[in-house]
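First comes the structure, then the notes that go with it.
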Amino acid sequence: MATTNQIIVNALYDDDDVLLAGVKQVREKGLEIQEVYSPFPVHGLDKAMGLKETRIAIAAFMYGLLGLTTAISMTYGMLIIDWPMNIGGKPSFTWGENMPAFVPIMFELTVFFAAHLMVWTFFFRNKIYPGCKAQNPDPRTTDDKFLMEVVSSGDTEELMSLLKQTGAIEVSVNNAEHA
Amino acid sequence: MFEFSSRLKTISYVLILIGAISVGFSFLAGGSDHHDEASHGEGEHATTEAHHSPAASHAHGHDAMPKTDDFSYHKGASRAIPKNNHFYTSPNAEHDAEHAHHQEQNKPWANLLVNSFFALAIGLGALFFMALQYAAQVGWTVVLLRVLEGITSFIWVPGLVILIIIVTGWFHLGGNHVYHWMAEGIMIPGSENYDSIIAGKEGYLNGPFFTIRSIIYLAGWIGAAFLLRKMSLKMEQSGVDYNQNWAKMRNVGAGFLVFFAVTSSMSAWDWIMSIDTHWFSTLFGWYVFSTIFVSSLTALMMVVLYLKGKGYLPEVNKSHIHDIAKFMFAFSIFWTYLWFSQYMLIWYSNIPEEVTYYMMRFDEYKVLFFTMVALNFIFPVTILMSRDSKRNRGFIFTAGIIILFGHWLDIFIMIMPGSVGASGSVTLINMGTLLGFVGLFILVVFNTIKKAPLMIKNHPMFVESKHFHI
């Protein structure tokens with residue numbers, strides 16, 4: 002993401018409340034927060050960072066519809082067209098007449114598609130799919146520390162002192178290569 | 079403190095009056111029907127004959143596959159065992175005529191049972207939900223507890239009506255034959271009413287035991303509601319150890335949940351499933367519970383929305399509303415899951431003694447049956463699916479009305495076919511009685527709500543609930 006001439010400052014925090022307050026202060030100054038790394042979800046952080054609301058619900062709905070369609074075409078193809086079977090004296094001539102028997106399949110595949118594809122969407126959208134290079138600038142954020150990446154648009158020194166004031170325990174210029 | 083406005087009080091009185099007129103009229107109309115019982119009986123017989131003939135017609139076509147999707151085929155199959163199918167068929171026309179006469183007489187009683195059970199469901203579900211909040215020491219619902227207490231105070235009203243229906247049925251008063259197994263001589267061998275299958279259930283289904291059971295259920299529920307209310311009011315007094323009081327309420331709540339687990343299922347078998355005495359479903363208790371729970375959560379939502387609209391409950395924020403709406407959405411799906419599980423197993427196994435239950439509903443109640451499924455599943459799911467609609471009063475209110483009416487219709491479909499037969503349909507009398515119970519609900523619930531502050535400020539979880547945010 003980082004263009005070559007953009008300087009990014011890392012601020013490390015050891016408390017989620019301090020981090021949240023810091024995020025708010027930085028945003029009030031009109032500075033751009035590139036990313037925040039945290040070992041656990043911090044309540045209200047997404048709002049404070051001004052992140053857009055997730056659209057994964059819409060994706061999940063689409064995946065569910067896809068699963069439902071798959072289940073309908075699968076039962077139709079297998080049990081009506083290809084190999085009609087008379088199970089328990091139930092009519093197998095039309096899909097509609099046998100529909101109640103297919104409802105569990107429709108339900109399960111809807112849930113299966115929605116759940117699994119949603120997980121993979123989440124992985125790819127957040128670049129944490131298997132084989133992906135770790136983006137984390139500081140391994141301590143997987144334990145008990147929080148890290149905020151701020152894009153420096155002007156005086157880097159001033160930004161660093163501001164971040165110190167917000168309660169950061171370490172502030173440094175990010176030299177890591179960003180994907 | 080909530081003030082019961084005189085306008086709302088007037089509305090509730092008017093609704094109660096409408097209900098009283100409807101009930102009174104239903105009993106008067108039921109009485110006048112005695113005169114044409116003979117002709118009615120014949121008519122009923124003719125229709126059963128008409129159903130009979132297609133069953134015979136399939137017999138000659140041995141070369142062709144039987145049309146198994148034809149309901150009359152199943153009817154024919156089940157008629158092969160007359161004693162299994164006592165209710166819908168019988169060898170003599172006189173017996174049929176008697177049934178038809180009873181079914182006509184049952185109408186006012188069945189109407190009362192439908193409405194009082196629906197009303198009871200709302201109070202009982204709220205009590206379950208409230209006990210759950212204490213047993214699990216839930217934080218977010220504290221701002222709703224006083225509203226729940228108000229709703230639970232309503233249980234005794236429909237409970238009393240149900241007891242009246244049971245006792246009049248036991249002593250054959252007022253033409254009450256809602257419970258077919260209470261018929262005279264039905265368990266006495268040699269009697270013309272004798273039914274061997276029903277007689278086999280005598281150990282469980284008999285007047286005294288049935289009445290005692292019903293009294294135990296109601297006493298337990300009303301007692302638990304009273305106890306939780308009393309302990310909750312203790313939170314308003316000074317010099318009380320609030321934490322200890324809360325811990326004690328946890329025990330009461332947990333104890334009640336055990337009692338409720340047993341009695342909710344048993345009351346469903348007793349009061350509703352025993353109407354179709356031959357038929358049974360092991361899922362029935364859960365199925366009725368899902369109706370109870372989703373109706374009461376919806377009623378809770380409606381009361382909360384009303385109070386918020388009047389400027390009360392400022393502590394109830396969007397997150398609380400969102401979470402109750404999630405409950406409405408989730409338990410609508412839960413209801414559908416149980417409804418379908420019961421339906422599909424019976425449809426698939428196609429055992430005559432089981433499948434008659436759904437044939438009655440398919441043949442005679444088709445429109446209501448499918449309307450009910452649409453109202454209870456398709457509407458709530460589509461309306462309440464998105465996050466935004468769960469936070470929008472208009473959407474929630476629309477979904478709430480649909481869910482409440484849908485579950486009223488669900489109870490209607492559970493009770494009517496077995497008690498009044500094929501002639502049941504939603505009439506103005508049913509709607510009027512429903513309005514009467516709504517009036518009683520408003521009167522009793524808001525009278526309780528106004529007696530105590532709307533917020534339990536000394537509840538240990540109050541602050542957490544006030545700051546609830548999702």
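Those protein sequences? They're chains D and G, same order as listed. First residue of the first sequence? That's 2 in the working numbering, and the numbers climb one at a time after it. First residue of the second sequence? That's 79 in the working numbering, and the numbers climb one at a time after it. Here a beta-carbon is modelled for each residue, glycine too, at the ideal position from N, C-alpha and C. Just so we're clear, the structure is a prediction, and the values are computed from it rather than from any experiment.
Residue i classed as buried or exposed, judged by whether at least 16 other C-beta atoms fall within 10 angstroms
| i | result |
| --- | --- |
| residue 121 (chain D) | exposed |
| residue 100 (chain G) | buried |
| residue 432 (chain G) | buried |
| residue 373 (chain G) | buried |
| residue 471 (chain G) | exposed |
| residue 219 (chain G) | buried |
| residue 315 (chain G) | exposed |
| residue 87 (chain D) | exposed |
| residue 280 (chain G) | exposed |
| residue 227 (chain G) | buried |
| residue 468 (chain G) | buried |
| residue 11 (chain D) | buried |
| residue 474 (chain G) | buried |
| residue 83 (chain G) | exposed |
| residue 92 (chain G) | exposed |
| residue 606 (chain G) | Nothing in the structure corresponds to residue 606 (chain G), since chain G is present only between 79 and 548. |
| residue 542 (chain G) | exposed |
| residue 250 (chain G) | exposed |
| residue 145 (chain D) | exposed |
| residue 183 (chain G) | buried |
| residue 143 (chain D) | exposed |
| residue 100 (chain D) | exposed |
| residue 84 (chain D) | exposed |
| residue 65 (chain D) | buried |
Residue i - containing beta strand (DSSP E), residue span
| i | result |
| --- | --- |
| residue 171 (chain D) | 171 to 175 |
| residue 11 (chain D) | 8 to 14 |
| residue 320 (chain G) | Per DSSP, residue 320 (chain G) belongs to no beta strand (DSSP E); it is in the alpha helix (DSSP H), 320 to 349. |
| residue 164 (chain D) | Taken as a continuous stretch (DSSP letters only), residue 164 (chain D) belongs to no beta strand (DSSP E), being part of the alpha helix (DSSP H) at 157 to 166. |
Residue j beta carbon less than 9 Å from that of residue i
| i | j | result |
| --- | --- | --- |
| residue 533 (chain G) | residue 540 (chain G) | yes |
| residue 538 (chain G) | residue 224 (chain G) | no |
| residue 504 (chain G) | residue 487 (chain G) | yes |
| residue 174 (chain D) | residue 34 (chain D) | no |
| residue 453 (chain G) | residue 484 (chain G) | yes |
| residue 105 (chain G) | residue 186 (chain G) | yes |
| residue 434 (chain G) | residue 547 (chain G) | no |
| residue 382 (chain G) | residue 366 (chain G) | no |
| residue 103 (chain G) | residue 478 (chain G) | no |
| residue 289 (chain G) | residue 241 (chain G) | yes |
| residue 209 (chain G) | residue 330 (chain G) | yes |
| residue 256 (chain G) | residue 188 (chain G) | yes |
| residue 212 (chain G) | residue 327 (chain G) | yes |
| residue 147 (chain D) | residue 15 (chain D) | yes |
| residue 370 (chain G) | residue 203 (chain G) | yes |
| residue 106 (chain D) | residue 95 (chain D) | no |
| residue 167 (chain D) | residue 43 (chain D) | no |
| residue 283 (chain G) | residue 294 (chain G) | no |
| residue 551 (chain G) | residue 375 (chain G) | The first residue shown for chain G is 79 and the last is 548, placing residue 551 (chain G) beyond what the model contains. |
| residue 195 (chain G) | residue 417 (chain G) | no |
| residue 513 (chain G) | residue 96 (chain G) | yes |
| residue 200 (chain G) | residue 299 (chain G) | no |
According to DSSP, residues forming a beta bridge with residue i
| i | result |
| --- | --- |
| residue 358 (chain G) | Partner(s): none; residue 358 (chain G) has no beta bridge. |
| residue 34 (chain D) | D:151 |
Delimiting residues of the alpha helix (DSSP H) encompassing residue i
| i | result |
| --- | --- |
| residue 433 (chain G) | 430 to 442 |
| residue 113 (chain D) | 100 to 126 |
| residue 404 (chain G) | 396 to 427 |
| residue 75 (chain D) | 57 to 76 |
| residue 50 (chain D) | 46 to 50 |
| residue 21 (chain D) | 17 to 29 |
| residue 540 (chain G) | 540 to 544 |
Task: Segments assigned alpha helix (DSSP H), at least 4 residues, entirely inside the segment 222 to 308 of chain G - done: Counting only unbroken stretches of 4 or more residues, the alpha helix (DSSP H) elements lying wholly within the segment 222 to 308 of chain G are 223 to 230, 234 to 248 and 274 to 277, in sequence order.
TODO: Within the segment 361 to 387 of chain G, note down every full alpha helix (DSSP H) run reaching 4 residues or more, in order along the chain.
DONE: Within the segment 361 to 387 of chain G, the complete alpha helix (DSSP H) segments at least 4 residues long are 362 to 387, listed from N- to C-terminus.
Open item on the list: So within the segment 444 to 509 of chain G, which uninterrupted alpha helix (DSSP H) runs reach at least 4 residues, ignoring any that extend past its ends?
Closed with: DSSP runs (the alpha helix (DSSP H)) wholly in the segment 444 to 509 of chain G: 444 to 451, 457 to 462, 465 to 468 and 471 to 498.
Task: Cβ-based contacts, 9 Å cut-off: residues of the segment 413 to 437 of chain G near chain C - done: The structure shown contains no chain C; the protein chains it does contain are D and G.
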